[in-house]
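Novice: Dropping a structure here in C-alpha cells format, bear with me for questions.
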Amino acid sequence: MLRTCERAAADGLPIFLFGGSEELLDKLSGCLLQRFPTLQLAGRQASRFRRLTPEERDETVAAIRDSGAAITFVGLGCPRQEVWAYEFRDLLSMPILAVGAAFNFHAGLLPQAPPALQRRGMEWAYRLMREPRRLWKRYLLLNPLYVTLLLLQWSRARVIDPHSATPPKQEILYG
Numbered sequence: 291m292l293r294t295c296e297r298a299a300a301d302g303l304p305i306f307l308f309g310g311s312e313e314l315l316d317k318l319s320g321c322l323l324q325r326f327p328t329l330q331l332a333g334r335q336a337s338r339f340r341r342l343t344p345e346e347r348d349e350t351v352a353a354i355r356d357s358g359a360a361i362t363f364v365g366l367g368c369p370r371q372e373v374w375a376y377e378f379r380d381l382l383s384m385p386i387l388a389v390g391a392a393f394n395f396h397a398g399l400l401p402q403a404p405p406a407l408q409r410r411g412m413e414w415a416y417r418l419m420r421e422p423r424r425l426w427k428r429y430l431l432l433n434p435l436y437v438t439l440l441l442l443q444w445s446r447a448r449v450i451d452p453h454s455a456t457p458p459k460q461e462i463l464y465g
C-alpha cells in the first residue's frame, strides 16, 4: 500500500480509502499525509459493517466516482474486501486494491512484523503467532488451497474462466 501511495503522490493520482471506522480512517489519513505530503486523498468512507442496500451501494459508487480518485484502497479484511472488490469491479473504472490489515498497520494501530520478516515474505507467520485463534484457518488451510489451485491453473491442468466466477454462496457483510 505504501509503495502505491508513494507512486500516486509522485504522479498526482488521487486515492480513495474505503473500510474500517471513522476513527481508523482519521488516523490513517493523517499518517499517510504526513508520510507523503503531496498525496491527494480524494475521499474516504467508513464501513457500515453490514451489507449495503442497493441505494447505499449506488451512493458509495457515486461518492468514489465523484471524488476524482484514480485508485481505491479497500480495508475490510479477508474475505470481505475481496467480495467488495468483486462486486464493485464493473461499477468503478479504476484499480481496486484490497489491502487487508494495511489500514491498521499504517495508522499505527497494529504492530507490523520486523523488517527482516517482511523482506522474506514472512509477515504472515508473525501475524499467525500474534493471533493464532483468528488466523490459523486462513494461513494453514485456505492459503495452501489457493496456491494449489493457482499452480494447477498455471500448469494448465485446470483452466478457470474468470467470467464463470461467482460470489460466495453465504452472505458476507462488508459494507
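Per the numbering used here, the sequence shown starts with residue 291, numbered consecutively. Glycine included, each C-beta is placed from N, C-alpha and C at the ideal position.
Roughly how many whole angstroms lie between the Cα atoms of residue 378 and residue 408?
Specialist: Position 88 of the sequence shown, counted from the first residue, corresponds to residue 378. Position 118 of the sequence shown, counted from the first residue, corresponds to residue 408. So the alpha carbons of these two residues sit roughly 30 angstroms apart.
Novice: Report, in whole angstroms, the separation of the C-beta atoms of residue 315 and residue 322, which I expect to be a contact under 8 angstroms.
Specialist: As a working mapping, residue 315 is identified with position 25 in the sequence shown. As a working mapping, residue 322 is identified with position 32 in the sequence shown. Not a contact, Cβ separation roughly 10 angstroms.
Novice: Once you ignore the five residues that flank residue 426 on each side, which residues in its own chain have a CB closer than 8 angstroms to its CB?
Specialist: Within the sequence shown, residue 426 is the residue found at index 136, counting from 1. If we look at residue 426 and ignore the five residues flanking it on each side, its Cβ neighbours are 418.
Novice: Across which residues does DSSP place residue 387 in a beta bridge pair?
Specialist: Counting from one through the sequence shown, the residue named residue 387 turns up at place 97. Residue 387 is bridged to 363.
Novice: Taking the beta strand (DSSP E) that residue 336 belongs to, which residues open and close that run?
Specialist: Position 46 of the sequence shown, counted from the first residue, corresponds to residue 336. Run containing residue 336: none; DSSP gives neither H nor E here.
Novice: Give the DSSP-derived three-state secondary structure of residue 501 in the structure shown.
Specialist: Any answer about residue 501 is impossible in this case: the structure gives the chain only from 291 up to 465.
Novice: Are the beta-carbon atoms of residue 359 and residue 333 separated by less than 8 angstroms?
Specialist: Here the question's residue 359 lines up with position 69 in the sequence shown. Here the question's residue 333 lines up with position 43 in the sequence shown. Contact: yes.
Novice: Report the CB separation of residue 320 from residue 336 in whole angstroms; it is logged as a contact under 8 angstroms.
Specialist: Numbered from 1 along the sequence shown, position 30 holds the residue referred to as residue 320. Numbered from 1 along the sequence shown, position 46 holds the residue referred to as residue 336. That pair is no contact at about 15 angstroms.
Novice: So, helix, strand or coil for residue 307, using DSSP?
Specialist: Locating residue 307 in the sequence shown gives position 17, counting from the first residue. Residue 307: strand per DSSP, three-state reduction.
Novice: Residue 439: buried (16+ other C-beta within 10 angstroms of its C-beta) or exposed?
Specialist: Locating residue 439 in the sequence shown gives position 149, counting from the first residue. Exposed, by the Cβ-count rule.
Novice: Determine the burial state of residue 368: buried for a count of at least 16 other Cβ atoms within 10 Å of its Cβ, exposed for fewer.
Specialist: The sequence position of residue 368 within the sequence shown is 78, counting from 1. Residue 368 comes out exposed.
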